[in-house]
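A.B. asks: Residues 1 to 168 in the UniProt record's numbering are what the sequence shown lists, from first letter to last. For every residue, glycine included, the Cβ atom is placed at its ideal position computed from N, Cα and C. What follows is a structure written as structure tokens; I'll ask about it next.
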Amino acid sequence: MQKLKYLQGYSDQLISQVSQLVENGNLKRYLLRKYPEQHTIQSEKALYDYVIELKNQYLKKSSPISKVAYDGKIHMVNHALGMHSFVSRVHGNKLKAKNEIRVSTIFKQAPLPLLRMIVVHELAHIKEKEHNKAFYQLCCHMESDYHQLELDARLLLTQLEIDGPLYN
Numbered sequence: 001m002q003k004l005k006y007l008q009g010y011s012d013q014l015i016s017q018v019s020q021l022v023e024n025g026n027l028k029r030y031l032l033r034k035y036p037e038q039h040t041i042q043s044e045k046a047l048y049d050y051v052i053e054l055k056n057q058y059l060k061k062s063s064p065i066s067k068v069a070y071d072g073k074i075h076m077v078n079h080a081l082g083m084h085s086f087v088s089r090v091h092g093n094k095l096k097a098k099n100e101i102r103v104s105t106i107f108k109q110a111p112l113p114l115l116r117m118i119v120v121h122e123l124a125h126i127k128e129k130e131h132n133k134a135f136y137q138l139c140c141h142m143e144s145d146y147h148q149l150e151l152d153a154r155l156l157l158t159q160l161e162i163d164g165p166l167y168n
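Encoded structure:
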């Protein structure tokens, strides 16, 4: 059985099921059946618009987001899929906050629900900095299927590592 590093912490039963998909060469087929199309949000402007639309829907009163970008270095350097950075600066007698969201370029070629899950995760960090109960409740408020999508994102990462991109 191949070690499935992205599924650590999941039940032995689930890991066994995924291992069987991998061994039979069916993980890609499973993902394509569930997510037949990749999203069309390819430019950073389109990504910014998508993030702002979600933010305005769920976090209207939170501080503004100054930048949203795809970042090719995130996965390699930080072992993460997205990043939220918060910088505070003093300008005269005012304190200015700056929020940035970066999404791994892995998600340029992903299904829209998985991109949404990453964006929801990073938006939740605007209100909740830690991965605690309140954080995951906020994620589930913005995306009711959050936990399943997080698992599917891990399956996508496994697919990428084993057999390359999902979409050709």
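1. How long is the line joining the alpha carbons of Q17 and L155, rounded to whole angstroms?
2. Helix, strand or coil: how does DSSP classify K60 here?
3. Of the choices F135, A110, K129 and I101, whose alpha-carbon is the least far from that of I119?
4. Apart from the five residues just before and just after Y6, which ones in its own chain have a Cβ nearer than 6 Å to its Cβ?
5. Sorted by chain position, which residues of the same chain lie with C-beta nearer than 7 Å to I41's C-beta, five sequence neighbours on each side aside?
6. Got a sec: is the Cβ-Cβ distance from S62 to anything in chain C below 8 Å?
7. If you draw a straight line from the C-alpha of S19 to the C-alpha of E128, how long is it?
8. Just the C-alpha distance for L138 and G9, rounded to the nearest angstrom, thanks.
9. Is it buried or exposed, Y146, if we count other Cβ atoms within 10 angstroms and call 16 or more buried?
10. If we count the other Cβ atoms within 10 Å of its Cβ and call it buried at 16 or more, is I52 buried or exposed?
11. Tell me which residues share the same chain as A134 and place their Cβ nearer than 7 Å to its Cβ, disregarding the 5 neighbours each side in the sequence.
12. I'd like the span of the beta strand (DSSP E) that includes A124, first residue to last.
13. Does the beta-carbon distance from S66 to K94 come in below 8 Å?
14. Taking the continuous beta strand (DSSP E) assigned at I65, which residues delimit it?
15. Near V77, what residues of its chain come up, given a Cβ to Cβ distance below 7 Å and the 5 sequence neighbours on each side ignored?
16. Between the C-alpha atoms of E37 and L149, what's the straight-line distance to the nearest angstrom?
17. Based on the DSSP output, what are the partners of N45 in its beta bridges?
C.D. replies: Quick answer:
1. When rounded, the distance between both Cα atoms is 12 Å.
2. DSSP, read as helix, strand or coil, puts K60 in coil.
3. For the sequence presented, residue 119 should be read as Val rather than Ile. Nearest option by C-alpha distance: I101.
4. R154, L157 and T158
5. L47, Y50 and L115
6. Given the protein chain composition of this structure (a single chain), no chain C is represented.
7. 34 Å
8. Between L138 and G9, the alpha-carbon positions lie close to 22 Å from each other.
9. buried
10. exposed
11. E128
12. Premise fails: A124 lies in the alpha helix (DSSP H), L112 to K127, not in any beta strand (DSSP E).
13. no
14. I65 to D71
15. Annotation note: pLDDT 43 at V77 (below 50); position unreliable, coordinate value reported separately. Nothing listed; no residue qualifies.
16. Answer to the nearest angstrom: the Cα atoms are 15 Å apart.
17. Per the sequence presented here, residue 45 reads as Lys, with Asn not at that position. For K45, which the question treats as bridged, DSSP gives no partner whatsoever.
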